[in-house]
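In my numbering, the protein residues as written are 5 to 934.
Backbone N, C-alpha and C fix where the C-beta goes; we use that ideal spot for every residue, glycine too.
In what follows, a structure is listed as structure tokens, so that the remarks can point back to it.
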């Protein structure tokens, strides 16, 4: 061309740099055609890359770049070419300036994937894109730059889809922000794992749930399109080796596509722990690695082969199962979300026949699957870091794993209805790795929650069917034997009759007595009558033990009594029910007394069942309730009921129970209660009540006309004689200090009578010396009291004789006084001789048989006073009439020598007589007897 005449190669280079610096590049193809040796395509592209402003619209130079690469200058601009900027430069100056030029390399220094680019154009475009992003951050200009070339260059298309497209969507479409934008250098400096975390973590809880779906489809899907680029392989090499696991039977390593999508699956599982709702939405609306949005720049599904697509679909489905197992939320919406994920996984893998199981709890289907692989799993399989392993039989998609998880989800629905929600992982662990005792404990917890959450309208028949279904997932209804139920059901290790027994207890706790009788007593069920009786017994004792008050009309006691009344008519011969009836009666009677146990603990019904000797509680009742010993019949009834309830009585010094039959045990218990009541009466200084109890209830039949119900000669009685002996040696403080001498003599005679009865009741001769010693002391005391009585009588007689000293009195003459004193002297001498003879007789040796015979005769006399009085009157000596005539007005004669005029009558007669004598002396009247 003539316009370029006179220009050297140096001038041409400087002119090209000037045109690029002024953004006037339309004539570069002509300049290249004129100077092909000085301006080859590589140098010219480097000049454009170095001097063309990055803000220049790509539409002004993309065609020029294409002509330069293709070597086509015919379609270039034919306008006027201005060469004046370099025309006046000398060759030396031009060369000097050329040597100072510093052209950029076509290879991007930050892009190590230059070997993947097919030519100079690819390198130029990628480097130019980085320059535009670094200088202007106008990333849409990069898209305009690449659009004319991506179809002709696979490497440029891959870079556009995997790098530029996610960046444009992230900064301008999905999350536009005027302050923060991602750059090309930032995005390309991250490995696959980091980039996936960043792109997916842009989804926030406050954003729309479809954001995660868009990110998976538009950001991660397009990013994974370039996963085979060499730079990404080098960045992700370490993480790739640590995170890839092979499915069963696979021996070759995965492709980069599979490794990248594995990070996506891991992120979904981790995200579900904090935002399950968005993850459920992602599984419901995203079809997995096949469902990607490449912006229309690639009509295929990336560089995936058919086998890779199938493997990615399986791994994606496994992540869905892992999300369900990792879900620890037990709420209803969470369970609904897990069901949606399982349904989606079933559709992806064409297992539609298993997805319907989780839809509704009204229909309880029979679930069948091959449990051989499922049962081989270990507890490690349920750990979060093992959920995505291809060797995990619980999460690796198969017909068995999907059916098993479907049954687990339906079981969780039923447990939610029963008020016992648990996580999916817990339910799977319960089914697979729990032994019988652990499953039984969980079953009982389920029934307790069902009773606690029960409403008035609950259908307990349906509840029973649900619990039975939970045991075997309906496999037992399909005809499978107990041995074929391996891992079929949450409680498959618990026997069916035990499950039925627990259901029966729940019915009783919920007060469904009529239904329980109908299903487990009247009808033929898997529970026989003895098992039903045992379950009812446990339910009664459970209510009884939890009762805080012993009154059978309140709380747990009322419930226990109602259960007993509901079943007792249908099992009338039950020994257990009879014992429970007696126990409830005894507890009810004890509730009317104030009773506090050790350390201030109030009495509760369970105290009877745990006490080693329940009869000792009656002793506490007597100690803590004043005058409780007066209610002897009530206490005896309590003791009989305790014995009827199966609590054998203890002897005071016995370590164990007595080996007696029922009748003997009742007699022993009654004797013990009588002994306690007598002791309580004595401690309350109520000797009269204790004496009455002994005479009416403890006297042996040989001494009274009717036999007492407490006396049974066949039973060794080591209790009654102790009570009688303690009462016989009891010394009342009030009676011993009483001024009434006759009352002291009466009390002492009663004590001697009781000691005589103790001699009769004692079962062995060992305690006889002790009893006889007490009897002897009482007899000595009686002698002293009799002596005092005689002395007091003499004193009263003397006082009566001295009435003549009263003014106006008429006393005896001197001869009469001498005769009276002589008679008194002879009477005192006779009494002294009688007392001496009696002492000599007592000091004489006496055999135990004679003492016992004398005690029995004394008891016979005291027990029947009328008969004794008659005999006494028949054998009594005639009364003496030798008393002085002056004492006739104060002391009358009697038919019985033992009877005496009361002292207050003597005093009254004495005073009256004295007043009469005094008045007669004043008036000068003479006494009648004179």
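Could you tell me the distance, in whole angstroms, from the CA atom of residue i to the CA atom of residue j?
| i | j | result |
| --- | --- | --- |
| residue 92 | residue 109 | 30 Å |
| residue 642 | residue 555 | 14 Å |
| residue 422 | residue 444 | 16 Å |
| residue 19 | residue 104 | 14 Å |
| residue 329 | residue 562 | 45 Å |
| residue 245 | residue 314 | Because the pLDDT of residue 245 is 48, which lies under 50, any placement of that residue in the model is unreliable, and the number read from its coordinates should be weighed accordingly. Cα to Cα, the separation comes out at about 22 Å. |
| residue 798 | residue 627 | 47 Å |
| residue 529 | residue 337 | 37 Å |
| residue 920 | residue 702 | Bear in mind that the predicted position of residue 920 carries a pLDDT of just 43, short of 50, making it too unreliable to give a figure here. |
| residue 531 | residue 545 | 20 Å |
| residue 653 | residue 580 | 19 Å |
| residue 565 | residue 490 | 41 Å |
| residue 587 | residue 578 | 14 Å |
| residue 11 | residue 30 | 19 Å |
| residue 343 | residue 324 | 10 Å |
| residue 789 | residue 824 | 26 Å |
Assuming contact is defined by CB atoms lying nearer than 8 Å, are residue i and residue j in contact in what I supplied?
| i | j | result |
| --- | --- | --- |
| residue 285 | residue 206 | no |
| residue 507 | residue 451 | yes |
| residue 290 | residue 221 | yes |
| residue 407 | residue 396 | no |
| residue 159 | residue 189 | no |
| residue 510 | residue 524 | no |
| residue 567 | residue 547 | yes |
| residue 43 | residue 85 | no |
| residue 165 | residue 374 | no |
| residue 640 | residue 677 | yes |
| residue 339 | residue 416 | yes |
| residue 50 | residue 107 | yes |
| residue 413 | residue 368 | no |
| residue 55 | residue 13 | no |
Less than 8 Å between C-beta atoms, sequence neighbours within five positions excluded: which residues of the same chain meet that for residue i?
| i | result |
| --- | --- |
| residue 698 | 682, 727, 728, 731, 758 and 761 |
| residue 631 | 688 |
| residue 420 | 334, 336 and 339 |
| residue 734 | 686, 691, 694 and 755 |
| residue 45 | 36, 72, 73, 75 and 124 |
| residue 526 | 574 |
Whose C-beta lies closer than 6 Å to the C-beta of residue i among residues of the same chain, with five residues either side of it excluded?
| i | result |
| --- | --- |
| residue 755 | 732 and 782 |
| residue 647 | 669, 670 and 673 |
| residue 139 | 58 |
| residue 204 | 219 and 271 |
| residue 571 | 540 |
| residue 216 | 207, 282 and 286 |
If you compare alpha carbons, which of the options is closest to residue i?
| i | options | result |
| --- | --- | --- |
| residue 181 | 149, 141, 606 and 193 | 141 |
| residue 281 | 291, 335, 302 and 521 | 335 |
| residue 148 | 502, 62 and 25 | 62 |
| residue 650 | 635, 612 and 638 | 612 |
| residue 276 | 311, 837 and 388 | 388 |
| residue 633 | 617, 695, 602 and 666 | 695 |
| residue 65 | 513, 734 and 146 | 146 |
| residue 429 | 88, 469, 332 and 296 | 332 |
| residue 137 | 192, 736, 274 and 769 | 192 |
CB-CB under 7 Å to residue i, same chain, minus the five flanking residues each way: which ones, in chain order?
| i | result |
| --- | --- |
| residue 863 | Caution is warranted here: a pLDDT of 47 is assigned to residue 863, below 50, making its placement in the model unreliable, and no coordinate value can be reported. |
| residue 550 | 560 |
| residue 437 | 383 |
| residue 185 | 141 and 175 |
| residue 553 | 559, 561 and 595 |
| residue 321 | 349, 352, 353 and 401 |
| residue 721 | 675, 765 and 767 |
Under a CB-based cut-off of 8 Å, is residue i close to chain E?
| i | result |
| --- | --- |
| residue 336 | Among the protein chains of the structure shown there is no chain E, as only one such chain exists. |
Checklist entry - Quick check: the region 270-287 against the region 186-204, are there 3 or more CB pairs under 8 Å? => result When Cβ pairs closer than 8 Å are counted between the two stretches, the region 270-287 is seen to touch the region 186-204, the count reaching three or more.
Next on the checklist: Tell me whether the region 506-517 and the region 398-417 touch, counting them as touching only if at least three CB pairs, one residue from each stretch, are closer than 8 Å.
Outcome noted: Contact between the region 506-517 and the region 398-417 is absent: fewer than three C-beta pairs spanning the two stretches fall below 8 Å.
Checklist entry - Just checking, does the region 84-99 make contact with the region 169-176 on the three C-beta pairs under 8 Å criterion? => result As far as the Cβ criterion goes, the region 84-99 does not touch the region 169-176, which means the pair count is below three.
Item to check | Any 3 or more C-beta pairs closer than 8 Å across the region 677-696 and the region 620-630 | outcome: Touching, yes, given that three or more Cβ pairs across the two stretches are closer than 8 Å.
Item to check | Touching by the beta-carbon criterion (3+ pairs, under 8 Å), the region 524-543 and the region 605-618 | outcome: With the rule of 3 Cβ pairs closer than 8 Å, the region 524-543 does not count as touching the region 605-618.
Checklist entry - How about the region 494-509 and the region 457-475: do they share at least three Cβ pairs that are nearer than 8 Å? => result These segments touch.
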